[in-house]
Amino acid sequence: MFISLLDFPWEYPLLVLVGLVVGIINTMAGGGSLLTLPILIFLGLPSSVANGTNRIAIMMTAFSANMGFKSMGISTFPFSAYTGTCALVGSIIGAHIAIDINDELFNKILSVIMILVIIIIVFKPKIVSNNLSVRLTGKHLRLSCIVFFFLGVYGGFVNAGIGFIIMLFLHYYNRMNLVRVNATKVVIVLVYTLGAFLTFVFNDLVNYSYGICLAIGTMIGRFAVKKGEKIIKVFLVISVFIISIKLWLF
-14 MFISLLDFPW EYPLLVLVGL VVGIINTMAG GGSLLTLPIL IFLGLPSSVA NGTNRIAIMM
46 TAFSANMGFK SMGISTFPFS AYTGTCALVG SIIGAHIAID INDELFNKIL SVIMILVIII
106 IVFKPKIVSN NLSVRLTGKH LRLSCIVFFF LGVYGGFVNA GIGFIIMLFL HYYNRMNLVR
166 VNATKVVIVL VYTLGAFLTF VFNDLVNYSY GICLAIGTMI GRFAVKKGEK IIKVFLVISV
226 FIISIKLWLF
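For what it's worth, my numbering labels the leading residue of the sequence shown as -14, then goes sequentially.
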């Protein structure tokens, strides 16, 4: 018995393809979640379900990156543990806010966030790779924990573009070089995303099949390309601009 083309779950290969593109974008320029969350919404998922589903790919990407840094012996423990824990607490609060808000308001908030984040992506200052005198203890650690609690709230709420904000803070306040910034970021993102994801899971707001397809494509895309940042950044800017308008009117 042959499956009719009309009965074929076309969303699955589409999401793998979307994940592939997003994986390439994340590897070259970052900000792929600016595309995946709206696309999940456009596929008919309620905003809260799309939000929870999107976390699967984020977790898998962060876990893979974290294992890579661990294999190279790069770590900022215990700083990453303290800040990650604070972000975890914040993410649970942020996820509950996202769950309680109605879809129309969430979509409008997301469309505004997308424009703001794309501005950060375009105009963000460079992070240098030079060795710096890091500030990871004392008052700097205490303030970092407070900041990452609120970043966790945002990450739990929507997550879009948070990687850039984390990187800029770690570099300019904690004075980490590029390698340490990325190693710390992936730990924090993994920890708080797990908290947010479980919050959505406990509220039955995750479409696992969509999430796994998206995650598979993302992981393939991450390993598929190593150059072309400028082209990808232009593509991301145009795509986010169009999608944010559509999302506002959706």
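Cβ atoms here follow ideal geometry from the backbone N, Cα and C, with glycine treated the same way. Just so it is clear, the structure is predicted and the values come from calculations on it, not from any experiment.
Output needed for residue i: all residues of its chain with C-beta closer than 6 Å, excluding positions within five of it in sequence on either side, in chain order.
i	result
residue -3	198
residue 103	222 and 225
residue 71	130, 133 and 134
residue 91	32
Would residue i be called buried (16 or more neighbouring beta carbons within 10 Å of its own) or exposed?
i	result
residue 133	buried
residue 76	buried
residue 124	exposed
residue 62	exposed
residue 87	exposed
residue 18	buried
residue 186	exposed
residue 26	buried
residue 122	exposed
residue 127	exposed
residue 202	buried
Which residues bound the alpha helix (DSSP H) around residue i?
i	result
residue 62	First-last for residue 62: undefined, no H or E at that position.
residue 88	88 to 108
residue 207	193 to 207
residue 245	Given that the chain is displayed from residue -14 to residue 235, the structure contains no residue 245 and the question cannot be resolved.
residue 145	No alpha helix (DSSP H) holds residue 145; DSSP gives it neither H nor E.
residue 22	18 to 27
residue 119	Unbroken run through residue 119: none, as it is neither H nor E.
residue 175	163 to 187
Assuming residue i and residue j form a contact by the criterion Cβ under 8 Å, report the distance between their Cβ atoms to the nearest whole angstrom.
i	j	result
residue 129	residue 160	Between residue 160 and residue 129 the Cβ distance is about 11 Å, and since that is not below 8 Å, they are no contact.
residue 98	residue 34	No, residue 98 and residue 34 are not in contact; Cβ-Cβ is about 18 Å, not under 8 Å.
residue 69	residue 171	Contact doesn't hold; Cβ gap of about 10 Å is too wide.
residue 109	residue 149	6 Å
residue 178	residue 43	5 Å
residue 94	residue 190	Incorrect: roughly 17 Å between the Cβ atoms, too far for contact.
If you check the beta carbons only, do residue i and residue j fall under 8 Å apart?
i	j	result
residue 24	residue 6	no
residue 65	residue 173	yes
residue 38	residue 196	yes
residue 22	residue 145	yes
residue 229	residue 100	yes
residue 204	residue 56	no
residue 59	residue 166	no
residue 206	residue 82	no
residue 96	residue 233	yes
Between which residues of its own chain and residue i is the CB-CB distance below 8 Å, once the five residues before and five after are set aside?
i	result
residue -10	Residue placement at residue -10 is flagged as unreliable, the pLDDT there being 46, under the threshold of 50; the coordinate-derived value follows with that caveat. Closer than 8 Å at the Cβ level, and outside the excluded window around residue -10, lies no residue.
residue 41	182, 191, 193, 196, 197, 199 and 200
residue 74	134, 137 and 180
With a CB to CB cut of under 7 Å and the five nearest residues on each side skipped, what residues in its chain are close to residue i?
i	result
residue 139	79 and 147
residue 192	30, 34 and 38
residue 219	none
residue 51	171, 172 and 175
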